[in-house]
Amino acid sequence: MRIGIDFDNTIICYDKVFCDLAKARGLVDANYQGTKKELKETIQALPEGDLVWQTLQGKAYGEFIQQADIFAGCKEFIAECNANENVSLFVVSHKTEFGHFDEKRISLRDASRNWLRDQGFFNAVAPCIPETHVFFETTREEKIKRIRSLQCTHFIDDLVEVLCSPKFPTEVERFLFQPTVDDDHPPTVKSYSNWIEIKNAIFPA
2 MRIGIDFDNT IICYDKVFCD LAKARGLVDA NYQGTKKELK ETIQALPEGD
52 LVWQTLQGKA YGEFIQQADI FAGCKEFIAE CNANENVSLF VVSHKTEFGH
102 FDEKRISLRD ASRNWLRDQG FFNAVAPCIP ETHVFFETTR EEKIKRIRSL
152 QCTHFIDDLV EVLCSPKFPT EVERFLFQPT VDDDHPPTVK SYSNWIEIKN
202 AIFPA
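Dropping the structure here:
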């Protein structure tokens with residue numbers, strides 16, 4: 002079994018980071034509470050909202066990534082993978098080298114690896130992911146190509162656009178991670194609202 006996992010919004014949760022950045026810039030009320038997806042819709046409705054959102058992304062994925070959380074249950078899932086000697090685990094993410102409009106030119110890939118390291122994933126004990134098994138690709142097409150070259154048997158992603166791409170290998174079992182309920186996906190792809198559901202689906206008791 003060769004399990005691939007997306008990084009952004011699948012392992013790492015940016016909800017609080019984006020909210021704090023938006024509040025600090027006066028883009029939303031100080032009492033605002035919402036998910037990253039909800040905040041994106043709110044900001045994109047503002048004048049030049051797309052540009053503002055891309056700027057926030059550059060900050061959240063780079064300079065402020067250490068303030069991001071890990072999704073509940075993710076470490077338990079990875080520990081379960083580590084406990085099974087027949088499982089190889091990979092992280093495959095579509096991530097550019099630098100963020101949009103980031104004047105500090107922080108490497109988003111280095112920032113992500115540092116976050117994984119600080120979470121303890123590169124340690125030799127579970128839950129762990131070998132650092133050599135972490136791949137960041139420049140385009141979505143390259144990400145899918147990497148999934149294919151790694152011969153993944155399962156892949157977990159928050160984007161239906163990835164899992165339902167015509168180029169996505171049909172032999173890979175697809176898991177759509179959707180903490181916020183969203184029925185906008187094909188019935189051929191099953192969605193999961195949390196990591197415990199995914200763990201139970203792949204490793205049934």
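Per our numbering, the sequence shown starts with residue 2, numbered consecutively. Just so you know, even glycine gets a beta-carbon here, dropped at the ideal spot from N, CA and C. These numbers were taken from a predicted model, which means no experiment stands behind them.
Check your understanding: Taking one C-beta from the segment 25-37 and one from the segment 63-70 each time, how about it: are there three or more such pairs within less than 8 Å?
Key -> No, they do not touch.
Exercise for review: From the DSSP output, in three-state form, read off VAL135 for me.
Suggested key: Three-state result, VAL135: strand.
Practice item. Name, in chain order, the residues that DSSP records as bridge partners for VAL93. Key: According to DSSP, VAL93 shares a beta bridge with PHE136.
Review point. Does the segment 105-117 come close enough to the segment 146-162 to have 3 or more Cβ pairs within less than 8 Å?
Key: The segment 105-117, when compared against the segment 146-162, does not touch it at the 8 Å Cβ threshold.
Practice item. Just grab the DSSP bridge partners of GLU174 for me. Key: Paired residue(s): HIS155.
Check your understanding: Is the beta carbon of LYS144 less than 7 Å from the beta carbon of HIS95?
Key -> Yes; because the gap between Cβ atoms is below 7 Å, this pair is in contact.
Check your understanding: Straight-line CA distance for TYR15 to LYS38?
Key -> As the crow flies, the alpha-carbon of TYR15 is around 10 Å from that of LYS38.
Check your understanding: Can you find at least 3 beta carbon pairs, one from the segment 137-151 and one from the segment 86-100, that sit closer than 8 Å?
Key -> Flag = yes, the segment 137-151 and the segment 86-100 touch.
Point to revise | Under the three-state DSSP convention, the category ASP103 falls into | key: DSSP places ASP103 in coil when its eight states are reduced to three.
Check your understanding: What do you get for TYR33, buried or exposed, if any count of 16 or more other CB atoms within 10 angstroms of its CB means buried?
Key -> Burial call: exposed.
Review point. With a CB to CB cut of under 7 Å and the five nearest residues on each side skipped, what residues in its chain are close to LYS105?
Key: Non-local beta-carbon contacts of LYS105 in its own chain, meaning distances under 7 Å to residues more than five positions away in sequence, involve GLU64 in chain order.
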